[in-house]
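Structure first, commentary second.
Protein chains in written order, with the UniProt record's numbering: chain A, 1 to 927; chain C, 1 to 205.
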């Protein structure tokens, strides 16, 4: 500290010999001054403030020789404004102990200050000097040195904030401190032991200790005592809430137990319920608390409060089962690799090829299942099937309920949709439906949905990847069987592949389209084998149907028209007359032809098509090529039109096909209809339409080349399903599984919504996330993992709510106040129980405590141990986990003529800890 | 210069036959007008780069045939479009009244939840107008779409129609950003680099 001082200045001082101690104190003062300055300024400038709940904390590092210390400044922001007002009123600083602070209500969200001094002394503002080394400070002289440093700093800075010095080991939270204002100095002292002396175990002894310590020269007024007994409830007995993992009993396999995704926790999420019974501000001479007798019977306490400790270590079943699926995404082996030998023998699913001939064309549905079971269990001893028949068959019945007349799990048919779902499992309300509208998955409770659930269950509980692969294998077998036997697949929305659903749903819809067309074809062949132009032998193989199929013409029309047209030019494939239009050349009515249905496509096929179109480029040549590619259906329509309307010309076709390109005039032609002409763009010479019209031959739709080859498309779908690896399957099913999980969460949320109002908000966030995942295509570990975390968090929250409701309100009766009470408990806060032991909640707590106590006593006696003897003889409650006494008095110290100053002692007694937290003041002006 | 492209957008042009969909597209992409524009068969498309607020986007604009019969074919190409231009002919009231059908078709087949729609009243250069501007605006308001009057022949409004649509799409990052929280990069990042948490402080020495 070598200061350059101006020569002219008369004041000289040499600091070159300042000791380390002086430097330390100077630094201490500097920091305290700096904080004082900061305090006067606006708060926002200080970005060094750490916030901890309601507290603002500032910190600075300082050194004493080579030992490092940190000075912390704590300030409670919630009382800041109040203290300012107080200053105005009293103009004098209030002693920090004069606030009658007894016990802090535990709260997870607030007051979570690491430093317990605020709690013990009820301070709103204080400074601590903490050592940084791990060894702690034990040497008495060092402690003294530090304490006197702070004392000096306080005096030099006129600081009216108590400063504490941490001593002993860090974990002991032991502090000594000093406070001083104009009149009073308070010494904060602390004792921390593992076990206290015998005479200090009860209040009576402690009061004596307190009085002795004060040593007031005049007799003391009554000491004010507050008491808090804390009880811990850990063993919940029959009130324990948890979901048992289903033990899958292969003999009595219960499908109901797995047809919904599992939900809940495997361990009770509530690990500890803490009850605090409190007596406040009693005079010491009116109460007795000794080894033999205590006035403090928890049942009689004027204040009860409690909070709960939750664990987040529980295994959450729903999120866990989803993460099983996510993990399988990394499993790139094919279904056949996993199943190995087991399926190779059943390669083409019919043990006996002759079955194909002997089985009826439309088999009874039960044969489907028999066959499935037979396939899954090849007689050859090539190992045991991953899914036994007892498990597999019920699952297949669940997936394909149409195979059984009295199935418990039918799919709701489309017609019933309006009348409400007849499914036993709940029909999610419209709010959910609108929320999940953006999901690219499938309809709730449809076939893909059920497969996803079964896939999740087989992965999680029924044997892992092997069983899941087996399930998929059986499913694909069934799909193939249904295609071969032309049996519609149940549980799918009718119609073309819906691009808003997931790929699996589209693929299955596609397969259903193929089956439908195949059936239409087959039924025509069998019912009307003599239809005109149908030369196909109904007994021949149905596989290679070359022509498009559509209903035959109406016979009566045929008769009339036959006379007008030559034999080779008979009109065929008419659907009906088109308004009153007549052919321009012949005057015959203009008929709408029967046309080929448009081609169903799944999104991957559409993407391929689009890519092809895109590759042609955007120049004129590309456009022309595209038009050619797109014109197949136009040509087909033209040919059908020509077949239905012999003698027609392009103008006739245009009038039906693109009426806006036919400009009418007011003049009438010979058939009584308005004359007209083609639009100029139709008249462009050699345009595509004219070219095509000229090349079109009159061919009815049913004899044209099929635009849609159902056999080929069906095989494509089957191959697609068959060739999926486990990874691809999991990928496809993950978003459906997530969707199902959301529905499950929603049901659970509804049950606990009264105590967990934020649940729906969290759920909505998850919904947004799943929507993105479902549209994103391939799922990756990070995103999927994130989703699962969110689901697990909500699942845990819901389970906690369930658990608390179950404990406090097992009958789920509509007891008042329980819901808001549980809601607050859920926040992790300590809540006062109104009506203490007489209230309903109090009654429940007493029941649970005494049950646990009975159980404990039973174990004790069994082991021959001594039953813990409690002075009150109370058998309801165990020995308190912790007892806390707060004593305070205003005493005249140190001399008889001193002014009164606050004295304080808090004792914390528990099994492994004995702590005395004291503050003793004395008059520094008149003594 | 592909690096400069912010994103590729898919835009549809739909509407009744003969309202001038292909002409609008030709005017926008090639600044040209062909009175003898051929009939579109099925779908066609053109691409164009467009600079909006310093960002270049690539547009793939899909032009569709308006004929009733093609409606079984064209909606399969609506997939993943971020924007749609619905065109009607101001000289033909029926093309305007059919817009309702086109909107519901779009609703059914578009896979994006919040696709941006713009209604374009075409052929405003013609004398025999049947649909007033007010009617068009009212309809657009009712269905919460963008609205503009245009003429592919005189160039009026064509450029702005596309620009406004693209701008609106870019303002809706949900539509065009890759899904997945990890891959979110916002348009704003280009202009304002991520702000480093300023941790500077004054030393009161």
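A virtual CB, placed ideally from N, CA and C, is assigned to each residue, including glycine. On a predicted model such as this, the values are computed, not experimentally measured, just so you know.
- Query: Between the segment 102 to 124 of chain C and chain A, which residues of the former have CB atoms less than 8 Å from a CB of the latter, in chain order?
  - Reply: 109, 111 and 113
- request: Inspect the beta-carbon positions of residue 78(C) and residue 104(C) and report whether they are closer than 9 Å.
  value: Taking the second chain and counting its residues from 1, the one referred to as residue 78(C) is at position 78. Taking the second chain and counting its residues from 1, the one referred to as residue 104(C) is at position 104. The answer is no: Cβ separation not under 9 Å.
**Message:** Let me see if you follow: with CB-CB separation under 9 Å, is residue 88(C) close to chain A or not?
**Reply:** Translated into positions along the second chain, residue 88(C) becomes position 88. Not closer than 9 Å to any Cβ of chain A, the Cβ of residue 88(C) fails to qualify, so no.
C-beta neighbour in chain C for residue 105(A), strict 9 Å
Taking the first chain and counting its residues from 1, the one referred to as residue 105(A) is at position 105. By this cut-off, residue 105(A) is not an interface position.
**Message:** Within 8 Å, do at least three Cβ pairs link the segment 577 to 587 of chain A to the segment 646 to 659 of chain A?
**Reply:** These segments touch.
Requested in this report: At 9 Å on the CB atoms, spell out the chain C contacts of residue 223(A), in chain order.
Outcome: Your numbering for residue 223(A) matches position 223 in the first chain. Simply none; closest approach about 47 Å.
In this structure, how does DSSP classify residue 74(A) when only helix, strand and coil are distinguished?
Counting from one through the first chain, the residue named residue 74(A) turns up at place 74. Strand.
- DSSP beta-bridge partners for residue 887(A)? As a first step, residue 887(A) must be located in the first chain, where it is residue number 887. Beta-bridge pairing links residue 887(A) to 225(A) and 905(A).
Does DSSP put residue 268(A) in a helix, in a strand, or in coil? Counting from one through the first chain, the residue named residue 268(A) turns up at place 268. Coil.
- Message: Quick check on residue 474(A): buried or exposed, where buried means 16 or more other Cβ atoms within 10 Å of its Cβ?
- Response: Counting from 1 along the first chain, the entry for residue 474(A) is found at position 474. Label assigned to residue 474(A): buried.
Item to complete: Have a look at residue 386(A) and residue 461(A) and give me their C-alpha separation to the nearest angstrom.
Response: For the purposes of this step, residue 386(A) is taken as the residue at position 386 of the first chain. For the purposes of this step, residue 461(A) is taken as the residue at position 461 of the first chain. Whole-angstrom Cα-Cα distance: 12 Å.
Under three-state DSSP, which class holds residue 95(C)?
Taking the second chain and counting its residues from 1, the one referred to as residue 95(C) is at position 95. Note: residue 95(C) maps to helix in three-state DSSP.
For residue 88(C), which of helix, strand or coil comes out of DSSP? Translated into positions along the second chain, residue 88(C) becomes position 88. It is a strand residue.
task: Could you confirm whether any beta carbon from chain C is found closer than 9 Å to the beta carbon of residue 305(A)?
output: The residue you call residue 305(A) lines up with position 305 of the first chain. So, not an interface residue.
Verify the contact flag: residue 171(A), CB atom, against every heavy atom of the ligand FAD, threshold strictly below 8 Å. Among the components of this structure there are no ligands whatsoever, and the ligand FAD is therefore not found.
Taking contact to mean at least 3 C-beta pairs separated by less than 8 Å, is the segment 741 to 748 of chain A in contact with the segment 311 to 327 of chain A? These segments touch.
Interface residues of chain C facing residue 657(A) [CB-CB closer than 7 Å]
The residue given as residue 657(A) occupies position 657 in the first chain. Listed along chain C, the residues sitting closer than 7 Å to residue 657(A) by beta-carbon distance are 67 and 69.
Q. Under 7 Å Cβ-Cβ, which residues of chain C neighbour residue 687(A)?
A. For the purposes of this step, residue 687(A) is taken as the residue at position 687 of the first chain. At a beta-carbon threshold of 7 Å, the residues of chain C lying near residue 687(A) are 38, ordered along the chain.
### Query
So, is the C-beta of residue 79(C) closer than 9 Å to a C-beta in chain A?
As a working mapping, residue 79(C) is identified with position 79 in the second chain. At least one chain A Cβ lies under 9 Å of residue 79(C).
Starting from residue 589(A) and walking both ways along the beta strand (DSSP E), at which residues does that stretch end?
Stepping through the first chain from its first residue, residue 589(A) is reached at position 589. It spans 589 to 593 - the beta strand (DSSP E) in which residue 589(A) sits, taken as one unbroken run.
Note to self: If you measure between the beta carbons of residue 42(C) and residue 122(C), is that distance less than 9 Å?
What the structure shows: Taking the second chain and counting its residues from 1, one reaches residue 42(C) at position 42. Taking the second chain and counting its residues from 1, one reaches residue 122(C) at position 122. No, Cβ-Cβ distance for residue 42(C) and residue 122(C) is not below 9 Å.
field: Contacting residues, own chain, Cβ-Cβ under 8 Å from residue 197(C) (five flanking each side not counted)
entry: Position 197 of the second chain, counted from the first residue, corresponds to residue 197(C). Low per-residue confidence applies at residue 197(C): pLDDT is 37, beneath 50, and the placement is therefore not dependable, though the value from the model is reported in the following sentence. Closer than 8 Å at the Cβ level, and outside the excluded window around residue 197(C), lies no residue.
- [ ] Have a look at residue 129(A) and residue 55(A) and give me their C-alpha separation to the nearest angstrom.
- [x] Position 129 of the first chain, counting from 1, holds the residue named residue 129(A). Position 55 of the first chain, counting from 1, holds the residue named residue 55(A). Near 17 Å, if we compare the C-alpha coordinates of residue 55(A) and residue 129(A).
If you draw a straight line from the C-alpha of residue 688(A) to the C-alpha of residue 119(C), how long is it? Counting from one through the first chain, the residue named residue 688(A) turns up at place 688. Counting from one through the second chain, the residue named residue 119(C) turns up at place 119. Distance between the alpha carbons of residue 688(A) and residue 119(C): 29 Å.
CB contact check: residue 156(C) to chain A, cutoff 9 Å: As a working note, residue 156(C) is residue 156 in the second chain. Residue contact check for residue 156(C) against chain A: no CB pair falls below 9 Å.
* Asked: Rounded to a whole number of angstroms, what is the C-alpha to C-alpha distance between residue 74(A) and residue 229(A)?
  -> Here residue 74(A) is taken as the residue at index 74 of the first chain, counted from 1. Here residue 229(A) is taken as the residue at index 229 of the first chain, counted from 1. Going from the Cα of residue 74(A) to the Cα of residue 229(A) covers about 29 Å.
>> So with CB distances below 8 Å, who are the chain C contacts of residue 684(A)?
In response: Numbered from 1 along the first chain, position 684 holds the residue referred to as residue 684(A). Correct list: 36 and 38.
Short of 8 Å Cβ to Cβ, which residues in the segment 900 to 919 of chain A face chain C? none
query: Quick one, are the C-beta atoms of residue 449(A) and residue 739(A) less than 9 Å apart?
result: Within the first chain, numbered from 1, the residue matching residue 449(A) stands at position 449. Within the first chain, numbered from 1, the residue matching residue 739(A) stands at position 739. In contact: residue 449(A) and residue 739(A) (Cβ atoms closer than 9 Å).
| query | Going by Cα to Cα distance, which pick from 833(A), 896(A) and 259(A) is closest to residue 820(A)? | reply | Against the first chain, residue 820(A) aligns to sequence position 820. Minimum Cα distance to residue 820(A) is reached at 833(A).
Would residue 445(A) be called buried (16 or more neighbouring beta carbons within 10 Å of its own) or exposed?
-> If you number the first chain from 1, residue 445(A) lands on position 445. Classification of residue 445(A): buried, given that the 10 Å Cβ count is 16 or more.
**Asked** Near residue 980(A), which residues of its chain fall below 7 Å by C-beta distance, leaving aside the five closest residues on each side in sequence?
**Response** The displayed coordinates of chain A run from 1 to 927. Any statement about residue 980(A) would go beyond what the structure contains.
| query | Is DSSP giving residue 436(A) helix, strand or coil here? | reply | The residue labelled residue 436(A) in the question sits at position 436 within the first chain. Helix, per DSSP.
Other residues of its chain near residue 64(C): CB distance less than 6 Å, five sequence neighbours each side excluded: Along the second chain, read from residue 1 onward, the residue named residue 64(C) stands at position 64. Cβ within range, chain order: 14, 43 and 74.
Check: In its own chain, which residues sit with a C-beta less than 8 Å from the C-beta of residue 670(A), not counting the 5 before and 5 after it?
Finding: Here the question's residue 670(A) lines up with position 670 in the first chain. If you ignore the 5 residues before and after residue 670(A), its C-beta comes within less than 8 Å of the C-beta of 587, all in its own chain and listed in chain order.
First and last residue of the uninterrupted beta strand (DSSP E) at residue 662(A)
Within the first chain, residue 662(A) is the residue found at index 662, counting from 1. If you look at residue 662(A), you'll find it in the beta strand (DSSP E) that goes 662 to 668.
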